[in-house]
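Protein chains in written order, with my numbering: chain A, 259 to 1032; chain B, 14 to 287. Have a look at the structure below before the remarks.
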Amino acid sequence: MPEKFQETGHRQTTYQRPNQSWVCGHVAEGGAGCHLGPNPKGRCPGGVPCDGRLPGECLPRRQGDRWLCTRAETQGGNPCAEGPLPDGSCCRPVLSCQPRPSLRRQRGRVTLMVMLATIGFAVLLLSRGTGSTGKGGDASLSPGALSAPHTQIAAECARCHSQMALTPDRITGLHQSAFQHRAVEDGRLCLACHQGIGGAEGQSAFLAHTLPEAALPPSKGSGDSGPDRILEAAARFVPPAMKSGEIACDLCHREHHGQEGSLTDLTNRQCQVCHQARFASFADGHPDFETLRYPYARRPRIVFDHFSHFETHFPDTADDDPAKLPAGYQTGEAHGKSKTCLACHVPDDETGLMTVLSYEVACGKCHDPDTRGGRRLPFLALPTLDAGSLDRWLATDAPGGARSSGTWVNPPTTTDLPGPMLHLLNTGERQAWLSLRQEGLTLADLTKAKPARLANAETLVNGVKFLLHDLSRSGVTGKTGHLEMERRLEEAGLPGGASLVGGLPPDLFDRFRKRGEDAPWPALRAMLDEAAAARDGRFPAARPDAVATPAPPTVEPDPDDLALQDEVWARSGGWQEEGGTLYYRSTGHADPLLRAWLDATAANASEPVALLTLTDSLGFASGVNTSASGKCLMCHSIDEELDAAGDPVSLVVNWKAYGARSVPGLPDRRLTAFRHAPHVVFMDCRACHTIDPASEDTFAASYPGKKDKVYEEGWVKKADPSRFTANFSPLRKRDCAVCHTPQGAGDRCLDCHRYHPAARDNASLEMRHAIPSR
Amino acid sequence: MKGTFRQRRLIHGSVLLALVGLLILLCHLLDEALRPTAVYTGLLLLLVLLGLTLFNARKKLPFLPLLKVSTWTQWHLFTGFFSVALFLLHTGLRVPNGLLESVLAALFTVVALSGFVGLFLSRWLPSRLTRSGEPLTYERLPAHRRALIEEAETVVRRAESETGSSAIGDFYLATLAPYLQGSPGLAILLGNPQRYERAMLARTDEFGRYLSERERPHLELLRECIRRKGLLDYQGAAQGALKGWLFIHIPCTYGLLVLAVVHGWVALNYGGRL
Chain A
259 MPEKFQETGH
269 RQTTYQRPNQ
279 SWVCGHVAEG
289 GAGCHLGPNP
299 KGRCPGGVPC
309 DGRLPGECLP
319 RRQGDRWLCT
329 RAETQGGNPC
339 AEGPLPDGSC
349 CRPVLSCQPR
359 PSLRRQRGRV
369 TLMVMLATIG
379 FAVLLLSRGT
389 GSTGKGGDAS
399 LSPGALSAPH
409 TQIAAECARC
419 HSQMALTPDR
429 ITGLHQSAFQ
439 HRAVEDGRLC
449 LACHQGIGGA
459 EGQSAFLAHT
469 LPEAALPPSK
479 GSGDSGPDRI
489 LEAAARFVPP
499 AMKSGEIACD
509 LCHREHHGQE
519 GSLTDLTNRQ
529 CQVCHQARFA
539 SFADGHPDFE
549 TLRYPYARRP
559 RIVFDHFSHF
569 ETHFPDTADD
579 DPAKLPAGYQ
589 TGEAHGKSKT
599 CLACHVPDDE
609 TGLMTVLSYE
619 VACGKCHDPD
629 TRGGRRLPFL
639 ALPTLDAGSL
649 DRWLATDAPG
659 GARSSGTWVN
669 PPTTTDLPGP
679 MLHLLNTGER
689 QAWLSLRQEG
699 LTLADLTKAK
709 PARLANAETL
719 VNGVKFLLHD
729 LSRSGVTGKT
739 GHLEMERRLE
749 EAGLPGGASL
759 VGGLPPDLFD
769 RFRKRGEDAP
779 WPALRAMLDE
789 AAAARDGRFP
799 AARPDAVATP
809 APPTVEPDPD
819 DLALQDEVWA
829 RSGGWQEEGG
839 TLYYRSTGHA
849 DPLLRAWLDA
859 TAANASEPVA
869 LLTLTDSLGF
879 ASGVNTSASG
889 KCLMCHSIDE
899 ELDAAGDPVS
909 LVVNWKAYGA
919 RSVPGLPDRR
929 LTAFRHAPHV
939 VFMDCRACHT
949 IDPASEDTFA
959 ASYPGKKDKV
969 YEEGWVKKAD
979 PSRFTANFSP
989 LRKRDCAVCH
999 TPQGAGDRCL
1009 DCHRYHPAAR
1019 DNASLEMRHA
1029 IPSR
Chain B
14 MKGTFRQRRL
24 IHGSVLLALV
34 GLLILLCHLL
44 DEALRPTAVY
54 TGLLLLLVLL
64 GLTLFNARKK
74 LPFLPLLKVS
84 TWTQWHLFTG
94 FFSVALFLLH
104 TGLRVPNGLL
114 ESVLAALFTV
124 VALSGFVGLF
134 LSRWLPSRLT
144 RSGEPLTYER
154 LPAHRRALIE
164 EAETVVRRAE
174 SETGSSAIGD
184 FYLATLAPYL
194 QGSPGLAILL
204 GNPQRYERAM
214 LARTDEFGRY
224 LSERERPHLE
234 LLRECIRRKG
244 LLDYQGAAQG
254 ALKGWLFIHI
264 PCTYGLLVLA
274 VVHGWVALNY
284 GGRL
């Protein structure tokens, strides 16, 4: 038995070439392989003539005319006994075999099969995943399940992915369009369902915070701490899209992470990486609330002085009528101990705000008399006219021929044209009145009027006559004069004409109109006839000897006059005619006519007559100290409306405690998501909101009022809601940081902030507060 | 400076750990910066896989002056480890649940695990092969087995003719022939590789107590055949393992490359970056 299995010397054994593709079949069968081996094509050379000779253990060499054996040592060496055949073939031919693939070749075959299988798998997936029309056949290519909110569209890839069709040009064009970013284009597909983000048309959907740049305030850091190093380093890698206004949705919202995956889970650093001012944490570096004027960025829309109520009004009411006090108010206790906040405030789950209960619940018990009080509003009245001064000029110096003002019936007391009535005149006639007003003149005293103003006075007088004539022409019908008044108000630019004269009883107006037929106003008929004639160009005859008519005494109206005690309306409000003047008195809170006039005049505040109506007739000049009927502006503040350049263009009355508009220049509060409800459950309101005693004098001064002597200046300043002093001391960030720590209630940015402004903003509260609650 | 194997391993391991740490930090920064980190790690992973595949090409082109194969092997090993870390970063330590991604991850796992197995085998088996005895050529093992069987049969026939007894022949047919013709396969690598040989020798010794003095020399020759068979079995299993793991590692690698390219295209296309 040999000691070794095999020889390893090169002279004793052939070299096995494992890198070749084929091995001799004899070896595979356990025999000795031939020295020739298969060719590269895997064919055995055995039995195949080579150079006319059959291969064998050697390839005989010709020497002269003889063939010599050349058997190698590995084949036995030394010439064999038989020697080559006469034709030069070896006498020991190699038996042919069936070559077998080597291990390397077998491995290559397996590799090829695996590759083909993989390619087939990929083709199958791609063909099913993209679909022929690009609509996305099924979700074969989905990298993972969608989050729970998107599960319903899991099979509709085209709802979120654009240009999915695997067309030839897309395949061949890959090298050209490498990394062309279509994320924004895909983001527009998100807006198909998520409507309202970035505006109604999504015009700012891909800007920072989906807000126009002008609406974003500059970010501020408190400066007492710098950001962490990782954040600073990460800030160097911010995508260029952040700066170019192409912030696609998928930058933050990463899908296909399973049903449990969160689309909104971002770290604090991810939130801050784009901000100019960055900080380490909420407690360390976050801007202090006072710097941001949070949450008291603007004065309350409803003028409610907490200090005066708790320090003065409630204590007084406690003595007079304790039943009117808010629930929980404890007489004699300091506000700090009296749990009354929830008597008027209730947390709103949708917006997170601490809303105010309806007027009827919170305020009505005490303020109903105010809403029915105040000076009645003159609506239609004949103004006092200094006919003598006017006629003297008309008779001698007026161009267009001598004439007079004709018949005029002066009221018993000096009366100017009421504000609402001015809007029933045409533009020229209003301008005439304004011209007189600007020189401190009224129709009651024209002694010092220059000719131009006297001309204005004539225009105004004729205008009043034309108005009365037009209102009287319609006769006694169900809507006497209403249609004419509505038409004139529309012409004057006051929308909602019907609501501006709503509820005017036909018989009441008729009484006003018929004064011309019954005593003691027979001259009114003459005025109406003269108006008709004036329209035809026929004016009354001149009175050159006229003298200035002394104005009757001026009587300051009693702010709460209750004339005509025998009239029920004196307490219930509504229309009334007295002494030739139509008056209106508030019917109570939310009186529709007064609200309509306030809205209309505020909206047209850029028009001087409308503004004067608002300030004089409707009480804006006195602001919170108004004595106008209903005293609406005692509680409802007025804000200015600004154009794109920041200039005021109109005013708006705040009927509700909350509104949709933010104050220009201040942070958009819709990016803050503080919710009162979970805090109120276990915390007292006064833990955060403490009344500032210093606001006793300053809070009321935030609103137009008695202290504004020159109201033309006052209303411009006071209509800016950002200029105010809050009732409450500023919130302190450190009070929040006590609980909002990483280990406590959490200090993630997204705990208190939103990236997207709330789609349903504070305006939704206006709808809900239309219905009294509790 | 070449240094010892341990020193080189320490240095290379430290460099690898440092690179992985740097990569983790960079990915963290990119993630915080809202960058598509998965795209970056995916592209890098694809490039790394292509680089790993070049090792096979290098071995097939020995004539090119492209550093020694041993150097390439070292690069291949550590790049492989790096690719595992990169893969874990790319997937975010999550198990993918999409069809394409699941198959892709499974392929990568198979390739990586087979690579680890191959590394282990290539470190563990060669020295044991050397200690096991005569080095044999894997492709010639069938021939050696056949020759060994023929030798054993010759011994048996000689024993029968010289002793006139069929005891050895019966023992051969009943016990020894199946052992010589069969093979324990890869199981011989687990545990004591000589256990099969020793078990057969023990049975032979037990049988030998019943033989005559004239028969025992023949039995001794058969015992030698048993020992040589043990060597053949171990050599076959060890070398088969050293060659066989590549039948998993290499085909799966190419399949992985194909799917990785497809996955990359799909991700870039559907991610709006194409």
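Note that CB positions come from ideal geometry on N, CA and C, so glycine has one too.
R208 (chain B): not part of any beta strand (DSSP E); member of the alpha helix (DSSP H) spanning R208 to G221, first to last residue. In the structure shown, the three-state DSSP call for W88 (chain B) is helix. Cβ contact annotation for A273 (chain B) (same chain, cutoff 7 Å, sequence separation greater than five): L59, L62 and L117, in chain order. The Cβ atoms of W280 (chain A) and P303 (chain A) lie no closer than 7 Å to each other. In this structure the region 274–289 of chain A does not touch the region 305–316 of chain A; the number of beta carbon pairs closer than 8 Å is below three. Where Q689 (chain A) is concerned, there is no enclosing beta strand (DSSP E), although the alpha helix (DSSP H) around it starts and stops at T685 to Q696.
A residue is called buried when at least 16 other Cβ atoms come within 10 angstroms of its Cβ; P802 (chain A) does not meet this threshold and is exposed.
CA-CA distance, I560 (chain A) to A472 (chain A), rounds to 28 Å. DSSP places W855 (chain A) inside the alpha helix (DSSP H), whose first and last residues are P850 to A861.
With a 10 Å radius around the Cβ and a threshold of 16 neighbouring Cβ atoms, E265 (chain A) comes out exposed. Along the region 397–409 of chain A, the positions whose C-beta sits under 9 Å from a C-beta of chain B are A397, S398, L399, S400, P401, G402 and A403, read in chain order. Contact between the region 521–533 of chain A and the region 1005–1013 of chain A is established, with three or more Cβ pairs separated by less than 8 Å. For T839 (chain A), the enclosing beta strand (DSSP E) has its first and last residue at T839 to R843. Within the region 113–198 of chain B, complete alpha helix (DSSP H) segments of at least 4 residues are found at 154–176, 180–184 and 190–194, given in chain order. Chain B places a beta carbon closer than 7 Å to that of A491 (chain A), counting this residue as a contact. Using beta-carbon distances, R365 (chain A) counts as an interface residue toward chain B, with a partner under 7 Å. Assignment of Q20 (chain B) by DSSP, reduced to helix, strand and coil, places it in the helix class. The count of Cβ pairs closer than 8 Å, one atom from the region 62–81 of chain B and one from the region 133–140 of chain B, stays below three, leaving the stretches out of contact. For K256 (chain B), the residues of chain A that pass the 7 Å Cβ criterion are L361, in the order they occur in the chain.
In this structure the region 331–338 of chain A does not touch the region 298–312 of chain A; the number of beta carbon pairs closer than 8 Å is below three. Annotation: the continuous beta strand (DSSP E) that includes I896 (chain A) extends over I896 to L900.
Cα atoms of F540 (chain A) and T873 (chain A): separation of roughly 47 Å, rounded to the nearest angstrom.
By the neighbour-count criterion, in which a residue is buried when 16 or more other Cβ atoms sit within 10 angstroms of its Cβ, E233 (chain B) is exposed. Chain-order list of chain B residues neighbouring I377 (chain A): V271, by C-beta distance under 7 Å. The region 939–955 of chain A and the region 560–578 of chain A touch, with no fewer than 3 CB-CB distances between them shorter than 8 Å.
Contact check for L766 (chain A) and L725 (chain A): beta-carbon distance about 17 Å, past the 8 Å limit, so the pair fails to qualify. Taking the Cα positions, S730 (chain A) is about 7 Å away from G739 (chain A). E173 (chain B) is outside the set of residues whose beta carbon lies under 7 Å from a beta carbon in chain A. In chain order, Q364, R365 and V368 make up the part of chain A whose C-beta sits under 8 Å from the C-beta of F260 (chain B). Taking all protein chains shown into account, P109 (chain B) has 16 or more neighbouring C-beta atoms within 10 Å of its C-beta and is therefore buried. Looking at the backbone, the Cα of V882 (chain A) and that of T700 (chain A) are separated by about 28 Å. Counting only runs that start and end inside the region 273–326 of chain A, the alpha helix (DSSP H) elements of at least 4 residues fall at 283–286.
Contact of C510 (chain A) with chain B by beta-carbon distance below 8 Å involves L47. With a 10 Å radius around the Cβ and a threshold of 16 neighbouring Cβ atoms, C997 (chain A) comes out exposed. Of all residues in the region 22–42 of chain B, those with a C-beta nearer than 8 Å to a C-beta of chain A are H41 and L42, reading in chain order. Two segments are said to touch when three or more pairs of C-beta atoms, one from each, lie closer than 8 Å; by this definition the region 243–256 of chain B touches the region 150–158 of chain B.
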